[in-house]
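In the numbering used here, the protein residues as written are 1008 to 1129. Beneath this line is the structure, given in structure tokens, with notes to follow.
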Amino acid sequence: MSKGSILVVEDDDIIAKVLDWRLKNLGYAVSGRASTGAEAMELLVSQKPDLVLMDINIKGEIDGIETASMIKKGFSIPVVYVTSHSDGPTLERAKATKPDGFIIKPFGDDDLRVAIDLALCG
């Protein structure tokens, strides 16, 4: 039985596939995968995931932070950032969206599991 469904927003195909594999091994269902903010918003409506894993630097006209801001305003779905960008200005922009978690790449399965579990229980 799945612990919850997760939308993966990641524009690097290899990283997205690794995330899919890790999530499934941890007992989560992957409801979809998007590489742009626009794709993510479409999948949110059609798939109704329990949580969004969001990369900050994604393809398209809007980045992951802008996409997360739209998700937080329009849906009651937790967003956890999964990124390699933790510089001051990026972190401040991300914090303004009130994320439910922040994971720095590279990360282990325990990091992923803990961040997701905490976000889903909140």
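Cβ atoms here follow ideal geometry from the backbone N, Cα and C, with glycine treated the same way.
Judging by CA-CA distance, which residue of the options is the nearest neighbour of residue i?
i: residue 1083; options: 1029, 1117, 1055 and 1120; result: 1055
i: residue 1076; options: 1059, 1091 and 1092; result: 1059
i: residue 1081; options: 1052, 1066 and 1067; result: 1052
i: residue 1038; options: 1121, 1010 and 1019; result: 1010
i: residue 1091; options: 1061, 1031 and 1067; result: 1061
i: residue 1030; options: 1129, 1124 and 1100; result: 1124
i: residue 1036; options: 1014, 1097, 1074 and 1063; result: 1014
i: residue 1063; options: 1088, 1079, 1128 and 1045; result: 1088
i: residue 1078; options: 1096, 1020, 1044 and 1116; result: 1044
i: residue 1018; options: 1028, 1032, 1067 and 1033; result: 1067
Using DSSP's beta-bridge definition, name the partner residues of residue i.
i: residue 1013; result: 1037 and 1058
i: residue 1111; result: 1090
Which residues in the same chain as residue i place their Cβ atom closer than 7 Å to its Cβ, once the five residues preceding and following it in sequence are excluded?
i: residue 1093; result: 1111
Go through its chain and collect everything with a Cβ distance to residue i's Cβ below 6 Å, but skip five positions before and after it.
i: residue 1041; result: 1016, 1047 and 1050
i: residue 1074; result: 1044 and 1047
Can you tell me the Cβ-Cβ gap for residue i and residue j, rounded? I've got them flagged as a contact below 8 Å.
i: residue 1113; j: residue 1086; result: With a Cβ gap of about 20 Å, residue 1113 and residue 1086 do not count as contacting.
i: residue 1100; j: residue 1072; result: 5 Å
i: residue 1012; j: residue 1057; result: 5 Å
Is residue i near the ligand ATP, with its Cβ less than 6 Å from a heavy atom?
i: residue 1010; result: Of the ligands one can find in the structure shown there are none, so the ligand ATP has no counterpart to examine.
query: What runs of the alpha helix (DSSP H), each 4 residues or longer, lie entirely inside the stretch 1042-1104?
result: List check, alpha helix (DSSP H) in window: 1044-1054, 1071-1081 and 1095-1103.
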